[in-house]
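In what follows, a single structure is set out as structure tokens and then discussed.
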Amino acid sequence: MAIYRKGLIGKRLNELETFYLGLREALQGREPDAFFAKAYGETEEDFVRDHTDIDLNDVLVRLEHFKAEITAIKLLKGAHVKPKRQW
């Protein structure tokens, strides 16, 4: 068990949540262009309802940001507060 200052952990939690939400948003994608429906053999309505357009480069960049924050959390190992021995 290690004791940490809440301010230090709070910053990491906020960054982790921000990067996670960005990654999630990128992975959800956006509505695809109905123009491609015929190429997939579907009606425009079915195509838009059942598919999403994902920018994989954006997903990979956001994934790297998320992984970097995980690495920063791992580096907290040496930042814990040590007790002052007064017994």
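Sequence positions in the sequence shown follow my numbering and run 1412 to 1498.
Glycine included, every Cβ here is placed at the ideal spot set by N, Cα and C.
With DSSP as the reference, label Asp-1464 as helix, strand or coil. Of the three classes helix, strand and coil, the one that applies to Asp-1464 here is strand, per DSSP.
Applying the criterion that 16 or more other CB atoms from any shown protein chain within 10 Å of the CB defines a buried residue, is Leu-1471 buried or exposed? Its Cβ having fewer than 16 others within 10 Å, Leu-1471 is exposed.
Give the secondary structure of Arg-1416 by DSSP, where H, G and I count as helix, E and B as strand, and everything else as coil. Of the three classes helix, strand and coil, the one that applies to Arg-1416 here is coil, per DSSP.
When you compare only the Cα positions, how much space is there between Glu-1455 and Leu-1486? Approximately 49 Å, taken between the alpha carbons.
Buried or exposed: Arg-1473, going by 16 or more other Cβ atoms within 10 Å of its Cβ? Classified as buried, Arg-1473 has 16 or more neighbouring CB atoms from the shown chains inside 10 Å of its CB.
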